[in-house]
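Take any residue in the sequence shown, count from 1 to its spot, add 4: that is its number in this note's numbering. Working notes for the structure below.
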Amino acid sequence: MTVASIRVAVDVGGTFTDICIFDDRSGTISVEKLPSSADPIEAVLQGVEKAGVDLHDVALFSHGTTVATNALITRRLPRAAMVTTRGFRDIIEIRRGTKEDLWDAYKDVAPPYIRRRDRIEVTERVDYDGAVLTALDEDEARRVAGVLRRKGIETIAVCFINAHANPANERRMRDILAAELPGARVSCSSEVLPEIFEHERFSTAAANAVLAPLVSGYVNRLGDRLKSSGYDGDLLILHSGGGVMTPKTVEKMAVRLAASGIAAGAIASRHIAGLAGFSNAIGLDMGGTSTDISLVADGVLRTTKEWFVEYGYPICLPSIEVLTIGAGGGSLAWLDEAGGLRNGPQSAGANPGPAAYGRGGTAPTNTDANLVLGRLGGELISGAMTLDRDAADRAIGGHVATPLGLTVPAAANAILRVANANMADAVRLISIRRGYDPREFVLVVFGGAGPLHGVDLARELSIPTVLVPPHPGITSALGCLLVDIQHDLSTMFLGRADAVDPADVAAEFEKLEEEGHRRLAAEGVAPQDMQLLRHIDMRYVGQWRSMSIATSGRLSDLGGIVEQFHAAHAREHNFRRDGAKVEVYRLNVTAIGTVPKPDLPEHAPVTASPAPTGTRPVWFQDGSAAIATPVFDRASLAAGMVIAGPAIIEQLDSTTPIPPGATAEVDAWLNLRITV
């Protein structure tokens with residue numbers, strides 16, 4: 005019997021679907037890229053077929069998807085309802101009373117995902133300490149179920165006040181809905197997010213409710229299609245926290261997929277940097293519409309517990325911290341009312357796309373600027389797409405060069421300078437603002453457009469080294485192969501650190517760990533493959549925001565953890581208050597089920613010199629004239645080869661310019677290591 009040896013990872017984006025295939029036997033990676041389809045499943049299966057993969061030979065199939073993200077952005081959501089405590093139906097509409105732009109009096113926050121007419125109240129009440137003041141009125145609860153039945157609503161969020169302290173009333177409401185509405189999906193806020201702060205808890209549960217039918221339906225259909233085509237394993241879906249889930253778990257926690265595709269690139273950048281010997285890395289994933297920036301410090305990805313797709317509606321589950329800005333290959337260059345040059349966030353999208361695509365686009369984009377300057381050649385995806393240089397010239401000339409009195413190359417250079425400045429500002433936000441010096445990091449650039457801007461961006465930030473992965477355009481798909489099954493569990497635990505009994509803390513951790521073991525076992529993880537990590541969220545007494553501090557081993561004293569909190573607070577916020585009281589806020593356990601990962605091969609260096617395939621004139625950022633620049637095919641580059649700038653390195657999924665003064669070396673994992 006032949007043992008399956010192929011691992012497949014698929015990353016579905018709004019423009020392209022990327023396929024990464026790793027063969028365990030040969031240690032080789034192959035890639036495939038094709039346009040995304042209206043039904044994402046069709047592009048996934050077509051890509052696998054195009055890559056020549058027999059699903060009978062696949063040992064692991066991992067998938068990152070933007071289905072949930074796009075559904076929240078476009079609001080193409082099923083009608084959902086909320087059942088809540090009497091008097092609290094408007095919690096998710098009142099929010100925190102804040103606005104994204106404080107000074108724009110005319111811009112309103114988007115409406116909630118669940119309309120007010122579908123938010124229904126029932127009589128019940130639990131106090132802050134978990135005591136049941138008023139039991140659920142079950143007759144009223146059944147009348148509510150009848151209303152929902154008449155409305156035809158089949159996905160419901162149950163959000164009761166103080167349910168984090170005692171979920172009994174919520175669970176009883178869930179049982180009544182299950183009995184009265186067979187087949188309905190019910191999301192209890194105490195199960196989705198068992199934490200204080202009702203707006204955040206209600207908002208997260210509401211997002212879970214509206215996504216559940218879409219996401220679980222999608223992953224189940226994909227799983228069935230893969231199974232019918234010969235795949236015999238579990239479909240693993242990447243979630244925002246940097247782990248994977250099986251379809252069974254997705255049915256309960258659909259909201260965890262709201263940043264699925266974004267997390268994959270951050271995971272891949274950490275892995276690639278680690279192989280190359282860098283524990284500090286900034287990942288820059290630049291695609292067609294946006295750029296996603298992540299940070300790894302001492303080998304650990306930064307995470308956040310409060311994020312959103314639309315402002316005002318937080319999703320408070322652990323997620324890899326990724327800063328997204330509107331800067332991509334298709335970002336539009338435009339002049340504001342004062343005649344200043346701007347770049348993005350508007351995008352030409354995939355259709356019509358940049359002017360150079362020849363599909364009717366007339367506005368200049370970053371892609372057009374790179375083409376005019378010679379940094380891009382006349383083809384993309386190994387000739388599958390031809391670029392129109394004249395159309396790019398006309399777009400930049402008419403919209404930027406002529407109004408500003410510049411030549412077309414000078415205008416194109418200005419467009420890219422503005423784009424790079426926008427990305428540099430974003431990098432500063434995720435690094436310097438968090439207490440990290442970008443000069444101590446390596447810049448990992450990927451995505452179809454990332455390598456085009458990598459060295460110029462590194463110079464802007466004084467970053468000494470740039471890493472370009474072997475397959476930049478499918479690096480996010482590769483990230484889907486580098487993750488484990490992961491569940492994030494938490495419980496509220498309020499108390500001053502100097503008064504808390506460590507035995508009580510340990511007992512609560514043990515309860516969370518039991519739940520973690522149970523969830524992993526339900527997904528088929530063997531005991532020897534389970535790992536449980538503990539974190540304590542702490543804050544100064546009187547503060548609202550908390551910081552997560554890792555802890556391990558026997559917990560006999562909180563003094564050492566308090567000192568770690570002071571140090572972490574000083575690094576991130578630039579001050580510490582050693583004399584101030586510190587309180588424990590929340591206990592967290594991350595339950596990890598280890599999944600076998602590809603062992604990327606290490607290549608021995610060669611002594612040969614690379615041979616260019618030709619030359620073309622290229623304008624670099626520091627030059628006022630074009631330079632005759634050799635062009636290299638990346639597929640011909642072997643470990644140990646060195647290329648001094650100026651040079652252009654082309655491949656299927658991206659292009660990397662090496663400007664004068666920079667040197668690129670191919671390392672043992674076939675990354676381009678560019679010294680700036």
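Just so you know, even glycine gets a beta-carbon here, dropped at the ideal spot from N, CA and C.
Where residue i falls, given that 16 or more other Cβ within 10 Å makes a residue buried
{"i": "G344", "result": "exposed"}
{"i": "G597", "result": "buried"}
{"i": "S294", "result": "buried"}
{"i": "P600", "result": "exposed"}
{"i": "D429", "result": "exposed"}
{"i": "I489", "result": "buried"}
{"i": "H457", "result": "buried"}
{"i": "K155", "result": "exposed"}
{"i": "A145", "result": "buried"}
{"i": "I77", "result": "exposed"}
{"i": "R79", "result": "exposed"}
{"i": "N726", "result": "The chain is shown only over 5 to 680; residue 726 falls outside these bounds and no answer can be derived."}
{"i": "Y117", "result": "buried"}
Candidates the options, of which the one nearest residue i by Cα
{"i": "I271", "options": "G247, P251, I436", "result": "G247"}
{"i": "L242", "options": "S658, D58, D657, T69", "result": "T69"}
{"i": "I324", "options": "G245, L380, D340, G265", "result": "G245"}
{"i": "P368", "options": "G333, M389, A511, P39", "result": "G333"}
{"i": "G292", "options": "A423, P318, N170", "result": "A423"}
{"i": "E512", "options": "N592, D15, E527", "result": "N592"}
{"i": "F579", "options": "T594, R558, Y544", "result": "Y544"}
{"i": "S193", "options": "D141, A135, K256, R147", "result": "K256"}
{"i": "E53", "options": "E36, S41, A615", "result": "E36"}
{"i": "P609", "options": "R581, D122, V300, L641", "result": "L641"}
{"i": "E341", "options": "G281, P407, A331, S298", "result": "P407"}
{"i": "I45", "options": "I540, D228, R83", "result": "D228"}
{"i": "T3", "options": "I23, A526, Q625", "result": "Outside the shown range of the chain, which is 5 to 680, sits residue 3, and nothing can be said about it."}
{"i": "G528", "options": "G237, A453, F312", "result": "G237"}
{"i": "V670", "options": "A85, R522, G618, D637", "result": "D637"}
Minimum Cβ-Cβ distance from residue i to chain C less than 8 Å
{"i": "G451", "result": "This model lacks chain C altogether, as it is built from one protein chain only."}
Three-way DSSP call (helix, strand, coil) for residue i in this model
{"i": "V162", "result": "strand"}
{"i": "L545", "result": "For the record, residue 545 in the displayed sequence is Val; it is not Leu. The answer is coil: DSSP assigns V545 none of H, G, I, E or B."}
{"i": "I467", "result": "coil"}
{"i": "N355", "result": "coil"}
{"i": "T138", "result": "strand"}
{"i": "R176", "result": "helix"}
{"i": "V487", "result": "coil"}
{"i": "L215", "result": "helix"}
{"i": "S550", "result": "coil"}
{"i": "S427", "result": "Note that residue 427 corresponds to Met in the displayed sequence, not to Ser. Looking at M427 - three-state DSSP - the assignment turns out to be helix."}
{"i": "Y589", "result": "strand"}
{"i": "R677", "result": "strand"}
{"i": "S613", "result": "coil"}
{"i": "V670", "result": "strand"}
{"i": "E383", "result": "strand"}
{"i": "V87", "result": "strand"}
{"i": "H607", "result": "coil"}
{"i": "H60", "result": "helix"}
{"i": "G528", "result": "coil"}
{"i": "N224", "result": "helix"}
{"i": "T295", "result": "strand"}
{"i": "V504", "result": "coil"}
{"i": "T555", "result": "strand"}
For residue i: DSSP bridge partner residues
{"i": "S66", "result": "A13, L240"}
{"i": "K37", "result": "D22"}
{"i": "P621", "result": "A632"}
{"i": "C192", "result": "V162"}
{"i": "T660", "result": "I653"}
{"i": "I319", "result": "W311"}
{"i": "D112", "result": "Its beta-bridge partners do not exist; DSSP assigns none."}
{"i": "L336", "result": "T369"}
{"i": "E125", "result": "T88"}
{"i": "F450", "result": "D289"}
{"i": "Q535", "result": "I596"}
{"i": "L305", "result": "V300"}
{"i": "I324", "result": "T307"}
Distance between beta carbons of residue j and residue i, contact taken as under 8 Å
{"i": "S273", "j": "D302", "result": "Contact doesn't hold; Cβ gap of about 15 Å is too wide."}
{"i": "V71", "j": "V48", "result": "Their Cβ separation, rounded to whole angstroms, is 11 Å, which puts V71 and V48 out of contact at 8 Å."}
{"i": "L516", "j": "T495", "result": "6 Å"}
{"i": "F206", "j": "I96", "result": "5 Å"}
{"i": "T21", "j": "V12", "result": "Contact doesn't hold; Cβ gap of about 12 Å is too wide."}
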